[in-house]
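Residue numbers (the numbering used here): 18 to 181.
Backbone N, C-alpha and C fix where the C-beta goes; we use that ideal spot for every residue, glycine too.
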Amino acid sequence: MQRKRGSSKKYTAKGRSRYVATEEEIIARNAEVAGSGSSEELTDEEAEESQPQVLRPPRRDEPENDDDDSSEEDSSDDSSSSEFEICNPNRSARPIEKTGVVELSRREREELQRQNFERQKMTLMAQGKLKSAQADLARLAEIRKQREAAMARKMEQMSLKGKD
Numbered sequence: 018m019q020r021k022r023g024s025s026k027k028y029t030a031k032g033r034s035r036y037v038a039t040e041e042e043i044i045a046r047n048a049e050v051a052g053s054g055s056s057e058e059l060t061d062e063e064a065e066e067s068q069p070q071v072l073r074p075p076r077r078d079e080p081e082n083d084d085d086d087s088s089e090e091d092s093s094d095d096s097s098s099s100e101f102e103i104c105n106p107n108r109s110a111r112p113i114e115k116t117g118v119v120e121l122s123r124r125e126r127e128e129l130q131r132q133n134f135e136r137q138k139m140t141l142m143a144q145g146k147l148k149s150a151q152a153d154l155a156r157l158a159e160i161r162k163q164r165e166a167a168m169a170r171k172m173e174q175m176s177l178k179g180k181d
C-alpha cells in the first residue's frame with residue numbers, strides 16, 4: 018500500500034506548543050507593570066482588588082483547567098511567575114553599569130575615526146578654510162559676476178528696444 022504525498026506530515030505536533038498573546042493579555046500585563054509602582058500606596062485589600070489578573074499560557078504537561086478553587090496551583094504559578102519575570106528578556110531593561118573603558122574593535126575604531134574626519138572636514142568646508150572650498154567659492158563668485166553682467170546687458174537691450 019502506497020502512502021499519498023504529504024500524508025506522513027499531516028498530524029504532527031509541530032507548532033502546537035506556540036502561544037500568541039491576545040491584546041487583552043498584553044494590556045493586562047502592561048497595566049500590571051504600570052500599576053506596580055502605585056500599588057504601594059494602597060492598602061492590602063485594595064491592592065489585591067486593583068491588580069488585574071495576568072493570563073498565562075497553559076503548560077504542556079498540565080491539562081487546561083478553569084477551576085479557581087485550587088490554591089496549590091496558584092502558589093506554584095506565583096513562584097514560576099517570579100522566575101518568569103526574572104528571566105524574561107523583554108521585561109524593562111536594567112540600567113547598564115559602566116565598567117570603565119570599553120575596548121572597541123579595529124573596525125569600530127576606524128569607523129569612528131572616519132566619521133570624526135568627515136565631520137571636521139564638513140565644518141572646515143563650511144568655514145571656507147580648505148583649498149577646495151576656497152576654489153569653489155572663487156568659482157561661484159565668478160559665476161555670480163558673469164550672471165550679473167549678462168543680466169545688465171539684457172536690461173540694456175530691453176531698454177533700447179523700448180525706446181525704438
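Spatial distance of residue i from residue j (CA atoms)
| i | j | result |
| --- | --- | --- |
| residue 134 | residue 162 | 34 Å |
| residue 178 | residue 136 | 53 Å |
| residue 52 | residue 45 | 10 Å |
| residue 142 | residue 149 | 8 Å |
| residue 9 | residue 114 | In the structure as shown, the chain starts at 18 and stops at 181, and residue 9 therefore has no counterpart that could be examined. |
| residue 175 | residue 168 | 10 Å |
| residue 56 | residue 118 | No answer about residue 56 holds up, because its pLDDT of 49 lies below 50 and its placement is not dependable. |
| residue 132 | residue 153 | 23 Å |
| residue 107 | residue 140 | 41 Å |
| residue 147 | residue 158 | 16 Å |
| residue 42 | residue 49 | 10 Å |
Local conformation of residue i per DSSP, three classes
| i | result |
| --- | --- |
| residue 38 | coil |
| residue 179 | helix |
| residue 140 | helix |
| residue 47 | helix |
| residue 117 | coil |
| residue 147 | coil |
| residue 56 | Residue confidence for residue 56 is low, a pLDDT of 49 falling below 50, so the modelled location carries little weight; the figure read from the coordinates is stated next. Residue 56: helix per DSSP, three-state reduction. |
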